[in-house]
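Those protein sequence lines, which keep their order, are chains A, B and C. Positions 19 to 117 (the numbering used here) are the ones given, in order, by the first sequence. Positions 168 to 447 (the numbering used here) are the ones given, in order, by the second sequence. Positions 5 to 652 (the numbering used here) are the ones given, in order, by the third sequence. Glycine is no exception: its CB is placed at the ideal position from the N, C-alpha and C atoms. Encoded as structure tokens, the structure appears first; notes follow it.
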Amino acid sequence: MNPVNYLYLAALLFTIGATGVLIRRNAIVVFMCVELMLNACNLAFVTFSRMHGNLDGQIIAFFTMVVAAAEVVVGLAIIVSLFRTRHSASVDDASLMKL
Amino acid sequence: MSTQLAAYSTSTGEAVQFWILGSVAVIGALCTVLMRRAVHSALCLAGTMIVLAVFYLANGAYFLGVVQIVVYTGAIMMLFLFVVMLVGVTAADSLKETIRGQRWLALLCGLGFGVLLLGGIAHASLTQFNGTGQANAGGNVEGLATLIFTKYVFAFELTGALLITAAIGAMVLTHRERTERAKTQRELAAERVREGKHVPPLPAPGVYARHNAVDIAGLLPDGTPAELSVSRTLRERGQIRDVSAQALGDLKALEQRAEERLERTENTPATFKRTEDAAQ
Amino acid sequence: MENLIALLIAAPLLGAVVLLLGGRRLDAVGHWVGTLLSTASFVVGLVLFAGLLGKDAEHRTWTQHLWSWIPVGDFQADVTLRLDQLSMTFVLLITGVGSLIHLYSIGYMEHDERRRRFFGYLNLFLAAMLLLVLADNYLLLYVGWEGVGLASYLLIGFWQHKPSAATAAKKAFLVNRVGDVGLSIAIMLMFTTFGTFAFGPVLEHAGDASEGRLTAIGLMLLLAACGKSAQVPLQSWLGDAMEGPTPVSALIHAATMVTAGVYLIVRSAAIFNGAPDAQLVVTVVGGVTLLFGAIVGCAKDDIKKALAGSTMSQIGYMVLAAGLGPIGYVFAIMHLVTHGFFKAGLFLGAGSVMHGMNDEVDMRKYGGLRKYMPITFVTFGLGYLAIIGFPGLSGFFSKDKIIEAAFAKGGAEGWILGGVALLGAAITAFYMTRVMLMTFFGEPRWKNQPTKSPEAPSAEPAAEHQGAHGEPHPHESPRTMTIPMIVLAVGSVAGGAFFDVGDRFLHWLEPVTGHSEGHSPLSALTVTGATMVCLVLGVGLAWAQYGRKPVPAHAPRGSVLTRAARRDLYQDDFNHVVLVRGGEHLTRSLVYVDHTLVDGVVNGSAAGFGGLSGRLRRVQNGFARSYAVSMFGGAALLVAATLLMRAV
Numbered sequence: 019m020n021p022v023n024y025l026y027l028a029a030l031l032f033t034i035g036a037t038g039v040l041i042r043r044n045a046i047v048v049f050m051c052v053e054l055m056l057n058a059c060n061l062a063f064v065t066f067s068r069m070h071g072n073l074d075g076q077i078i079a080f081f082t083m084v085v086a087a088a089e090v091v092v093g094l095a096i097i098v099s100l101f102r103t104r105h106s107a108s109v110d111d112a113s114l115m116k117l
Numbered sequence: 168m169s170t171q172l173a174a175y176s177t178s179t180g181e182a183v184q185f186w187i188l189g190s191v192a193v194i195g196a197l198c199t200v201l202m203r204r205a206v207h208s209a210l211c212l213a214g215t216m217i218v219l220a221v222f223y224l225a226n227g228a229y230f231l232g233v234v235q236i237v238v239y240t241g242a243i244m245m246l247f248l249f250v251v252m253l254v255g256v257t258a259a260d261s262l263k264e265t266i267r268g269q270r271w272l273a274l275l276c277g278l279g280f281g282v283l284l285l286g287g288i289a290h291a292s293l294t295q296f297n298g299t300g301q302a303n304a305g306g307n308v309e310g311l312a313t314l315i316f317t318k319y320v321f322a323f324e325l326t327g328a329l330l331i332t333a334a335i336g337a338m339v340l341t342h343r344e345r346t347e348r349a350k351t352q353r354e355l356a357a358e359r360v361r362e363g364k365h366v367p368p369l370p371a372p373g374v375y376a377r378h379n380a381v382d383i384a385g386l387l388p389d390g391t392p393a394e395l396s397v398s399r400t401l402r403e404r405g406q407i408r409d410v411s412a413q414a415l416g417d418l419k420a421l422e423q424r425a426e427e428r429l430e431r432t433e434n435t436p437a438t439f440k441r442t443e444d445a446a447q
Numbered sequence: 005m006e007n008l009i010a011l012l013i014a015a016p017l018l019g020a021v022v023l024l025l026g027g028r029r030l031d032a033v034g035h036w037v038g039t040l041l042s043t044a045s046f047v048v049g050l051v052l053f054a055g056l057l058g059k060d061a062e063h064r065t066w067t068q069h070l071w072s073w074i075p076v077g078d079f080q081a082d083v084t085l086r087l088d089q090l091s092m093t094f095v096l097l098i099t100g101v102g103s104l105i106h107l108y109s110i111g112y113m114e115h116d117e118r119r120r121r122f123f124g125y126l127n128l129f130l131a132a133m134l135l136l137v138l139a140d141n142y143l144l145l146y147v148g149w150e151g152v153g154l155a156s157y158l159l160i161g162f163w164q165h166k167p168s169a170a171t172a173a174k175k176a177f178l179v180n181r182v183g184d185v186g187l188s189i190a191i192m193l194m195f196t197t198f199g200t201f202a203f204g205p206v207l208e209h210a211g212d213a214s215e216g217r218l219t220a221i222g223l224m225l226l227l228a229a230c231g232k233s234a235q236v237p238l239q240s241w242l243g244d245a246m247e248g249p250t251p252v253s254a255l256i257h258a259a260t261m262v263t264a265g266v267y268l269i270v271r272s273a274a275i276f277n278g279a280p281d282a283q284l285v286v287t288v289v290g291g292v293t294l295l296f297g298a299i300v301g302c303a304k305d306d307i308k309k310a311l312a313g314s315t316m317s318q319i320g321y322m323v324l325a326a327g328l329g330p331i332g333y334v335f336a337i338m339h340l341v342t343h344g345f346f347k348a349g350l351f352l353g354a355g356s357v358m359h360g361m362n363d364e365v366d367m368r369k370y371g372g373l374r375k376y377m378p379i380t381f382v383t384f385g386l387g388y389l390a391i392i393g394f395p396g397l398s399g400f401f402s403k404d405k406i407i408e409a410a411f412a413k414g415g416a417e418g419w420i421l422g423g424v425a426l427l428g429a430a431i432t433a434f435y436m437t438r439v440m441l442m443t444f445f446g447e448p449r450w451k452n453q454p455t456k457s458p459e460a461p462s463a464e465p466a467a468e469h470q471g472a473h474g475e476p477h478p479h480e481s482p483r484t485m486t487i488p489m490i491v492l493a494v495g496s497v498a499g500g501a502f503f504d505v506g507d508r509f510l511h512w513l514e515p516v517t518g519h520s521e522g523h524s525p526l527s528a529l530t531v532t533g534a535t536m537v538c539l540v541l542g543v544g545l546a547w548a549q550y551g552r553k554p555v556p557a558h559a560p561r562g563s564v565l566t567r568a569a570r571r572d573l574y575q576d577d578f579n580h581v582v583l584v585r586g587g588e589h590l591t592r593s594l595v596y597v598d599h600t601l602v603d604g605v606v607n608g609s610a611a612g613f614g615g616l617s618g619r620l621r622r623v624q625n626g627f628a629r630s631y632a633v634s635m636f637g638g639a640a641l642l643v644a645a646t647l648l649m650r651a652v
């Protein structure tokens, strides 16, 4: 089997995640889809690492995980405070930026 | 799977593993997107992540595979579940689209993007690979550590700063400063009397012994549910279970049974003559 | 010796600075300071004059370089003063007459509480005028030119509490600006043509430039001269300028500043010599103004305005002479000098009359004053004889020369110009006789009628001589006023003869202006005879109209020409219709174009973009997911573009 298949899988997962971001209204689910996209990227990086025969890809994936952790912390805090004030987790409710 | 094998070729075992687990991962991803309840989405995502962890291991990234399971699936997804519970576990999203054309546009973009991405990977026609055997020769964790603390040391320090900032940011965002003294029980009671609303305690939830859960509204004498009897949080989440229809049905059936027991027939009032009529 | 030249300007400038910045503590001595510094300048002028006389005719040009003013690459403007015969003549005239008028003003402005300021302005004027005639380049001349314009504005509007004075000052300033534009354009043309605007190089190389260039420069210089010297078509301000105090009228608007135009033309002789067309225009302007001023002078009942018309007319003579080229330059300057004497004398006499008549200016309310103010009568009479060209007096020599030179121009041109000059002489005799008769002869018409009371008694001279709204009590003026009149009368009588005998003035000025004898079709004697005939005709006509029968106290309706002349030959109406209305129409149409076309384009495009944005903003529905779709679509397009580029 060619490891490129891992890349195909990553692309597929990334696309599914992106479409999910666009379709879902619940902020938490949207956030999970973002995580899915990040994971797809990580898979691609790890595969690249294997194909190139060095560990730099894994390092990048590691940093992605760290940044994703930070992002999740802040993002979930935002969702919680939003829910606290608006009693809703729908991203469509925050649609004030229009005329 | 041995390190040497992962380095230069892929075994049939890995191929079988890929096709089976890859399908699981895609199904998990699709379920994440399509499940109506957030808690189900989170569980599906966790499944996908575990599959990905296995793939990391298969690709020779042993450290990342473990981290993926411990940190991502174990910590981050649990954080998600906590928030889902805070926001409301059972609240199911309506999947009905409200923005005109949004779903079609999203699908079109996703399809186009996916096709382009897959086409791009296919176009690159990568047939050879090096494998991580050489790189992992001194141990995967040791290799990563060498890189992190030499080549990527500044980025690593920066991510440390980023994590601290994120932690403080989360605290700032969720922390609410109390600007006034909390009211005592006595003050609350006095306030309630002054307002003149709900001077007695609020009604208790639950009806009869069978339905005494906190999410079931007590019934008023006319059989309608009393919303005040349910906690405000549940009320706001819309998680009140209404049993009034069932209760009314039960009541009716009970009455009927009682009547049957007492052998009461639903007879029309007998026509009887009054004495004075009889006298005529 | 050269180093004294700057002192000429420095003295009055110092006076102006001290008097204008000195404040009220100088009120008591201010007039004496001003007069002293003006006289000092005159003395320096005399010293320099003596020095010049001691040199050969060829070495009578002194320059004094003070400092580099604007040194920018090729553009070199230096503050350099130049004293030659022409400048010297002007310096003596300006400082001499100026000092006399300073002296006169001490008496005339005695009761004006702003007398110190008045002397400050007079000194400022002297400094600017001296700078004008002493400048060694056109740019410095321009500074002086604007300086006298400023001083003129300040002095015409000196009694600014009178709306008419304020308006007249504004009018003079604005009309002068038109001429100044001409001067500035002329200077720019000179710079582009010659690369410099110093007198020496410009005049030396004037012959090298094309005639078209010279004509353009000449016409622009003429425009400047018209503005400053009140020549047609920029003549309208001079009559109104008589709103200023009479010494101002005498000094600035008769003797010195208004002759700056003549100075400019004579100074630029080399340019005009190369541009015959420009010269022709100069003579035409001079001839037209000569008749224009004379006709206006005939109809005015205001003594100062009659004299103003006369000034315009006499400057017309000078411009006419200057336009004749080398045959006329010297006579233009000679007439300028003699005119400076007798016209200043006449104005001072008029001021003296007004001084004694409670500032009444209407000649119809004068009459028979010769018994009451004998010194004024005699000096005014001598000035009168000088201006009409009575044989032996100064006007006779200078004006006669101009008429001769006009005929000497030759051809039809010469006959026309000569005829105009002769006609002008006749009209001059008429209106001056009229002024003389109405003022000093006949029955007194001022008895038994109250004169107008001054609007602000403290600001007007001789206020205490007026019985409250009673009839005036004519009296002779104080000695500070009569002495200058006597000196000027002496000059009026003797000046012409002194200059003309032995062609003294001609030889003095010839090295600067050049001179050539024309070939007159008429002999000098014939011209003199014709002039005499015109003189007698004019005087006789005036006697018939104003001497034999009493002058009506109220002006009769008069003929069409009289009525037109009373309104200054409709000059203001012309300006109003052509310039004011024209300007208004132009502005209105420009505003219309601005509103419809320019604003239309701007507003239209703005509205177009507004409409477009109104449609585009519907895309901005506020839903983050919508934005995310466009972002994702954009990312897809980027991937597509990348792949496409790689494929290609």
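To the nearest whole angstrom, what separates the beta carbons of residue i and residue j, a pair I think is in contact under 8 Å?
{"i": "residue 265 of chain B", "j": "residue 110 of chain A", "result": "6 Å"}
{"i": "residue 71 of chain A", "j": "residue 298 of chain B", "result": "6 Å"}
{"i": "residue 356 of chain C", "j": "residue 489 of chain C", "result": "7 Å"}
{"i": "residue 406 of chain B", "j": "residue 382 of chain B", "result": "6 Å"}
So what's residue i in DSSP terms, helix, strand or just coil?
{"i": "residue 163 of chain C", "result": "coil"}
{"i": "residue 392 of chain B", "result": "strand"}
{"i": "residue 66 of chain C", "result": "strand"}
{"i": "residue 520 of chain C", "result": "coil"}
{"i": "residue 80 of chain C", "result": "strand"}
{"i": "residue 180 of chain B", "result": "helix"}
{"i": "residue 476 of chain C", "result": "coil"}
{"i": "residue 385 of chain B", "result": "strand"}
{"i": "residue 141 of chain C", "result": "strand"}
Nearest to residue i by alpha carbon, out of the options?
{"i": "residue 320 of chain B", "options": "A:81, A:107, A:95 and A:106", "result": "A:81"}
{"i": "residue 202 of chain C", "options": "C:231, C:180 and C:84", "result": "C:84"}
{"i": "residue 412 of chain B", "options": "B:350, B:228 and B:392", "result": "B:392"}
{"i": "residue 3 of chain C", "options": "C:113, C:322, C:314 and C:261", "result": "There is no way to answer for residue 3 of chain C, as the model of chain C reaches only from 5 to 652."}
{"i": "residue 89 of chain A", "options": "A:46, A:71, A:65 and A:38", "result": "A:46"}
{"i": "residue 310 of chain C", "options": "C:357, C:341, C:267 and C:366", "result": "C:366"}
{"i": "residue 497 of chain C", "options": "C:402, C:533, C:570 and C:572", "result": "C:402"}
{"i": "residue 300 of chain C", "options": "C:244, C:339 and C:284", "result": "C:244"}
{"i": "residue 224 of chain B", "options": "B:184, B:208 and B:276", "result": "B:184"}
{"i": "residue 105 of chain C", "options": "C:55, C:35, C:582 and C:92", "result": "C:35"}
In chain C, which residues lie with their C-beta within 9 Å of the C-beta of residue i?
{"i": "residue 114 of chain A", "result": "626"}
{"i": "residue 39 of chain A", "result": "629, 632 and 636"}
Taking Cβ-Cβ distances shorter than 8 Å, what residues in chain A pair up with residue i?
{"i": "residue 314 of chain B", "result": "73, 74 and 77"}
Give the residues of chain B in contact with residue i, contact being defined as C-beta atoms less than 8 Å apart.
{"i": "residue 643 of chain C", "result": "280, 283, 284 and 287"}
Can you tell me whether residue i sits near the ligand PLP, meaning its C-beta is under 6 Å from at least one heavy atom of the ligand?
{"i": "residue 317 of chain B", "result": "With respect to the ligand PLP, the structure offers nothing, as it holds no ligand at all."}
Starting from residue i, find everything on chain C with Cβ-Cβ shorter than 7 Å and list it in chain order.
{"i": "residue 109 of chain A", "result": "628 and 629"}
Using a C-beta to C-beta distance shorter than 9 Å, which residues of chain E count as neighbours of residue i?
{"i": "residue 48 of chain A", "result": "Absence of chain E from the displayed structure is noted, the protein chains being A, B and C."}
List the DSSP bridge partners of residue i.
{"i": "residue 74 of chain C", "result": "C:81"}
{"i": "residue 108 of chain A", "result": "A:44"}
So which residues on chain A does residue i lean against when the C-beta distance must stay under 9 Å?
{"i": "residue 247 of chain B", "result": "46, 49, 50, 53, 90 and 94"}
Below 8 Å on C-beta distance, what does residue i contact in chain C?
{"i": "residue 293 of chain B", "result": "Those do not exist, as residue 293 of chain B stays about 14 Å from chain C at its closest Cβ, beyond 8 Å."}
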